[in-house]
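Before any comments, here is the structure.
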Amino acid sequence: MLNESIENYLKAIYGLSNNDYVSTNEIAEKLAASPSSVSKTLKKLSDSGYVYYTSHKGVKLTESGLAESMKILRRHRLLELFLHNVLGYDWDEIHDEACVLEHHISNKFEDAIDKYLGYPNRDPHGDPIPNKNGELSHYETKPVSELEVGNEGKIFRIKGNDPELLKYLSKNNLLPDKIVRIIRKEPFEGSVVLENDGKNTVIGMEVAKSILILEINNN
Numbered sequence: 025m026l027n028e029s030i031e032n033y034l035k036a037i038y039g040l041s042n043n044d045y046v047s048t049n050e051i052a053e054k055l056a057a058s059p060s061s062v063s064k065t066l067k068k069l070s071d072s073g074y075v076y077y078t079s080h081k082g083v084k085l086t087e088s089g090l091a092e093s094m095k096i097l098r099r100h101r102l103l104e105l106f107l108h109n110v111l112g113y114d115w116d117e118i119h120d121e122a123c124v125l126e127h128h129i130s131n132k133f134e135d136a137i138d139k140y141l142g143y144p145n146r147d148p149h150g151d152p153i154p155n156k157n158g159e160l161s162h163y164e165t166k167p168v169s170e171l172e173v174g175n176e177g178k179i180f181r182i183k184g185n186d187p188e189l190l191k192y193l194s195k196n197n198l199l200p201d202k203i204v205r206i207i208r209k210e211p212f213e214g215s216v217v218l219e220n221d222g223k224n225t226v227i228g229m230e231v232a233k234s235i236l237i238l239e240i241n242n243n
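First residue of the sequence shown? That's 25 in the numbering used here, and the numbers climb one at a time after it.
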């Protein structure tokens, strides 16, 4: 069984990678660690067969590393859903709590909460939950910022785990599975006006980029 530090590294690399190499500095920033410390750990991960690592290109997960990252990601997202749906945590609280718990639950407990939750495929933020085989469903989404005026979409997931952003979205009922329509977009990266549940909400462009939707074809 991998230790907590290694699991955090693999999860961070997966989150940053987008199937490409990730730099040492990106990982250091993500994990709040020094670049020299990160380099040492990446060398260990490379020696263990979890990553491909070169000093000039950075790091990329091997097949083995990807499999391990899917295991920890599955535990994390199941825990987020359990904390939210069963224990009543607000969705801006669940990420940090799941980060603590994910390293300490057994496979039996993981299977138990999966069954209890009805074998879910998405967490409260809309992120896909890997199945037991480490397979992750992929969906064609786009940020609200890329929708044309008049177009509609169903909110699928929220990028990031910033508690203040999540509180803001919750307050404005901009939650996964809600339908939104673009009313107006200001030029030069300005604000976006959305219609949601019969009322208009004004959001900034950075918020619009964090809301990923499945576009609805009204043709």
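Idealized CB from N, CA, C, for every residue including glycine. Fair warning: this is a prediction, and the values are worked out from it, not measured in the lab.
Please classify residue i as buried or exposed, where buried requires at least 16 other C-beta atoms within 10 Å of its C-beta.
| i | result |
| --- | --- |
| threonine 48 | buried |
| alanine 36 | buried |
| leucine 111 | exposed |
| valine 244 | Only positions 25 to 243 of the chain appear in the structure, and residue 244 is not among them; the question remains open. |
| phenylalanine 212 | exposed |
| asparagine 43 | exposed |
| leucine 32 | Contrary to the premise, residue 32 reads as asparagine rather than leucine in this sequence. Burial call: buried. |
| histidine 128 | exposed |
| aspartate 201 | exposed |
| valine 226 | exposed |
| valine 173 | exposed |
Per DSSP, what kind of secondary structure is residue i in: helix, strand or coil?
| i | result |
| --- | --- |
| isoleucine 240 | strand |
| glutamate 176 | strand |
| asparagine 244 | Nothing can be reported for residue 244, as the shown portion of the chain is limited to 25 through 243. |
| threonine 86 | coil |
| proline 200 | coil |
| glutamate 28 | helix |
| valine 231 | helix |
What does DSSP give as the partner residues of residue i in its beta bridges?
| i | result |
| --- | --- |
| proline 152 | Arg146 |
| threonine 165 | Beta-bridge pairing links threonine 165 to no other residue. |
Is the beta carbon of residue i less than 8 Å from the beta carbon of residue j?
| i | j | result |
| --- | --- | --- |
| glutamate 176 | isoleucine 235 | no |
| glycine 158 | alanine 91 | yes |
| glycine 82 | tyrosine 45 | yes |
| leucine 34 | serine 93 | yes |
| isoleucine 179 | isoleucine 237 | yes |
| aspartate 116 | proline 59 | no |
| aspartate 135 | glutamate 104 | no |
| leucine 102 | isoleucine 137 | yes |
| histidine 108 | asparagine 185 | no |
How about residue i: is its Cβ closer than 7 Å to a heavy atom in the ligand HEM?
| i | result |
| --- | --- |
| leucine 34 | What this structure holds is no ligand at all, so the ligand HEM is not there to describe. |
Taking 8 Å as the threshold (beta carbon to beta carbon), is residue i in contact with chain D?
| i | result |
| --- | --- |
| lysine 191 | Although the question refers to chain D, the structure presented lacks it and comprises just one protein chain. |
Check your understanding: Counting Cβ pairs closer than 8 Å, one from the segment 156 to 170 and one from the segment 200 to 217, do we hit at least three?
Key -> Here the segment 156 to 170 lies against the segment 200 to 217, with 3 or more beta-carbon pairs under 8 Å apart.
Check your understanding: Counting Cβ pairs closer than 8 Å, one from the segment 147 to 154 and one from the segment 212 to 232, do we hit at least three?
Key -> Contact between the segment 147 to 154 and the segment 212 to 232 is not established, with fewer than three Cβ pairs separated by less than 8 Å.
Exercise for review: Determine contact between the segment 96 to 104 and the segment 66 to 74, defined as no fewer than three beta-carbon pairs at a distance below 8 Å.
Suggested key: No, the segment 96 to 104 is not in contact with the segment 66 to 74.
Review point. Do the segment 190 to 197 and the segment 131 to 145 make contact, defined as three or more Cβ pairs closer than 8 Å?
Key: Judged by Cβ distances under 8 Å, the segment 190 to 197 makes no contact with the segment 131 to 145, as fewer than three pairs qualify.
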